[in-house]
Structure formats: C-alpha cells, structure tokens
Ligand SMILES: Cc1ncc(COP(=O)(O)O)c(C=O)c1O
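Residue numbers (this note's numbering): 1 to 383.
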C-alpha cells in the first residue's frame, strides 16, 4: 500500500526533486571534508558550502553569507542562540504557542537565574500582540517566537512583533521550523536578530541539517556552545572570533548541505505563490470537511488563509490515538497524534492534556487524498 502521507509538519516527504541524487552524488563521487584538505576537490566542496550559505542568506534576507551558521536542526540552533547570549538576571518573552525546542532551553536557563513570561494567545491561536509592550521589563533582552504553530497552523505576526522589539532595543529570535520554504520570511523587514531553521520540513531537504542566521550585533554577544576543530586558525586554543567558524565546531553535515542546496534550487525554480495556493486549497478542503463531521472538533482557527498547511482536530467520540491507529491500519493514512512537543500551545488552544490529531500537507498532496481522509474520518468517528 502506497499510503497517504499527512505528516509533513514532522518532516516533509517526498523531498524536493534532486535531493536524493545530490546527496548520493556527494557520497559516491566527492566524499571529502571542507576547510581541511589542500586539494581541488576539497575547494569545490568549500564552494558548494559557501553557495548554500548564499542561497540561505537570499532566502531569509540576512546581512551576509558569513552570518549563516549550520547546525543539525532548528532545536540545536535555538539552543546555541539562547544559551549563547542570555545571562543570569535576563528576562525574555515567548509566545503561548512555543514548541519545546524553545521552551526547554529556557527552562534550563531558568535554573541559572533567567526569567521568562508568556505572551498570551487565545484559544484560536491568535497572539495578543497588544500585551507585549506592557510585559516588557527593564531586564527584558529578547522576544523568542515561533513563526508558525505546529499545533494550530497559525502564522504569528512577526513583522509587528519585530517593530516592537526594535523600538525597545530587544533581540528578536524566530523559530521558522514550520514556515521556512514557501512562506516569506525576511530578517530585515521583521527586524530578526537570529532566525533559526530546520532543513527537513518546508525546505524539503534531508534530516540532520539546519542552522541559524544571526546579525553581527547579536553574534558579538554570543559565546559558542560547542568548542572544537574548525579547520581555521588551528594554532589557537580558543575558537576563532570570526563567523561562521566561531559557531561551527567539528565537521559539517556535508551530505545534508548538498541535499539542502539542491532543495533550495528547487524552491528557487518554482512559483512559490502557486504552491502555497495548492497547500491553501488542501487546507481549506480539509477544514470544510472536518466542520461537516459531527464527531470532530477543529482546533484553532478555521481560516484557511495565511496559515501553515496543517490542521489539528480533536475527536469527540473516540480517543484521538485510536483514530490515528485506524486511519493508518485501515486506510494507510499517516498522521501525528498527541502533544506534538508543544504543551504550552496545547494549554493555549485548550487541548491539554489530550493533545490533538494532526494532518499536515505539502504541495505534493492532492485533493483526492484529502477527500479520502475525510471519508475515512467520517466512518471511523461514527462507528
Ligand atoms: C515550531 C517547531 N519548532 C521546532 C521544531 C523542532 O524541529 P527539529 O526537530 O527539526 O529541530 C519543530 C518540529 O516539529 C516545530 O514544529
């Protein structure tokens, strides 16, 4: 059974055309390290890594190619940024929709004297932007926020929040896990100090590659979380003081970078608005279908526009996990059920502790697949 893959918010599949062959090509025909060997093949790898930084800088409208730092994923990127610059006595604001990638590093930092407050969101996932200024304290240093909720699909108003950050001299850290790819994210327009991304979701690259893009101003205030070999200034015992080497200890994930580079070429070759429209149609059809099923409750906003292509539902007649199990067993429909690593979001959306059943689409899905899922849900919830 081929199956219907509706778990793109966990990791996208299929990947962008070309990703697999590019990675295999690197492993089969190139294979050498970057910044270490003194031969033409190693220089070619350096060029490819540099070009990938450039593609990411253009995609996210960052200051300079050197300000693009590779990590394994967005979780590692967020950890490196937050633990790199926050100090004892600092205060930060986060949204009520944050993923544990943000919440857990901050919980860790609380043990060393950080304080943190949550900007409220209503039960439809709308951020209460008007609360932010009242919550800023003299010791507030940053707002840390997801761009798209992985539970409700809401896209948060990062440009409005970025303006507030700028006027109060705060750093603005954005987790783009659910939006990077088809959605527009500009560091300059949203006054973002550090933009954290993961390569394997909307960017349609492989797992194990991600990173952050950081302004010079914030980078200067950050200590590296990891120390080690960089292939540069090897006579020094300390990490290099220049970017990107200061934050890239150890060998990079080169197959991952080749794959991500190819995925970025794909994204540059398509009409992103057209693909967003496909995702919007799938989301709209699914939401309308869910609203017509008695045993299901839609979680979060019913608006299909300006959102991530994911929809959470709560089953009123059966346990959500049972529904997910039957969808997979009887119809080959793959979803995610539970807390989605975001308990804070579930509290805001009033789905804590039962969690939700989440359907997440990519432009490779079809309206027929959505219809099939709706028919299956109708049957399962009425049995
Ligand atoms: C909003 C959000 N942030 C962070 C993450 C973590 O992503 P990764 O596992 O690639 O680090 C996810 C993944 O589901 C997410 O949805």
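Heads up, the beta-carbon is just placed ideally off N, CA and C, and yes, glycines get one too.
Check: residue i C-beta below 8 Å from any heavy atom of ligand 1
{"i": "residue 346", "result": "no"}
{"i": "residue 61", "result": "no"}
{"i": "residue 410", "result": "Residue 410 lies beyond the residue range present for the chain, which begins at 1 and ends at 383; the question has no answer from this structure."}
{"i": "residue 10", "result": "yes"}
{"i": "residue 198", "result": "yes"}
{"i": "residue 152", "result": "no"}
{"i": "residue 175", "result": "yes"}
{"i": "residue 230", "result": "no"}
{"i": "residue 99", "result": "yes"}
{"i": "residue 210", "result": "yes"}
{"i": "residue 341", "result": "yes"}
{"i": "residue 83", "result": "no"}
{"i": "residue 146", "result": "yes"}
{"i": "residue 78", "result": "yes"}
{"i": "residue 201", "result": "yes"}
{"i": "residue 337", "result": "no"}
{"i": "residue 161", "result": "no"}
{"i": "residue 19", "result": "no"}
Assigned exposure category for residue i - 16 Cβ within 10 Å defines buried
{"i": "residue 58", "result": "exposed"}
{"i": "residue 17", "result": "exposed"}
{"i": "residue 24", "result": "exposed"}
{"i": "residue 379", "result": "exposed"}
{"i": "residue 130", "result": "exposed"}
{"i": "residue 152", "result": "buried"}
{"i": "residue 269", "result": "exposed"}
{"i": "residue 193", "result": "buried"}
{"i": "residue 87", "result": "exposed"}
{"i": "residue 302", "result": "exposed"}
{"i": "residue 168", "result": "exposed"}
{"i": "residue 348", "result": "buried"}
Residue i: first and last residue of the uninterrupted beta strand (DSSP E) it sits in
{"i": "residue 57", "result": "Unbroken run through residue 57 is the alpha helix (DSSP H), 40-60; no beta strand (DSSP E)."}
{"i": "residue 71", "result": "68-71"}
{"i": "residue 360", "result": "356-360"}
Counterpart residues of residue i in DSSP-defined beta bridges
{"i": "residue 5", "result": "334"}
{"i": "residue 214", "result": "194"}
{"i": "residue 118", "result": "94"}
{"i": "residue 127", "result": "121"}
{"i": "residue 75", "result": "The partner list for residue 75 (beta bridge, DSSP) is empty, contrary to what the question assumes."}
{"i": "residue 140", "result": "91"}
CB contact below 9 Å: residue i versus chain C
{"i": "residue 343", "result": "Among the protein chains of the structure shown there is no chain C, as only one such chain exists."}
Host alpha helix (DSSP H) of residue i (start-end)
{"i": "residue 381", "result": "367-382"}
{"i": "residue 344", "result": "343-348"}
{"i": "residue 104", "result": "100-110"}
{"i": "residue 10", "result": "Where residue 10 is concerned, there is no enclosing alpha helix (DSSP H), given that its DSSP letter is neither H nor E."}
{"i": "residue 391", "result": "This structure cannot settle anything about residue 391, because the visible part of the chain is limited to 1 through 383."}
{"i": "residue 132", "result": "132-135"}
Subject >> Entirely enclosed beta strand (DSSP E) segments - the segment 143-187, minimum 3 residues >> reply: Within the segment 143-187, the complete beta strand (DSSP E) runs of at least 3 residues fall at 171-175.
Original post:
What runs of the alpha helix (DSSP H), each 4 residues or longer, lie entirely inside the segment 270-329?
Top reply: Listed in chain order, the complete alpha helix (DSSP H) runs (minimum 4 residues) inside the segment 270-329 are 272-291.
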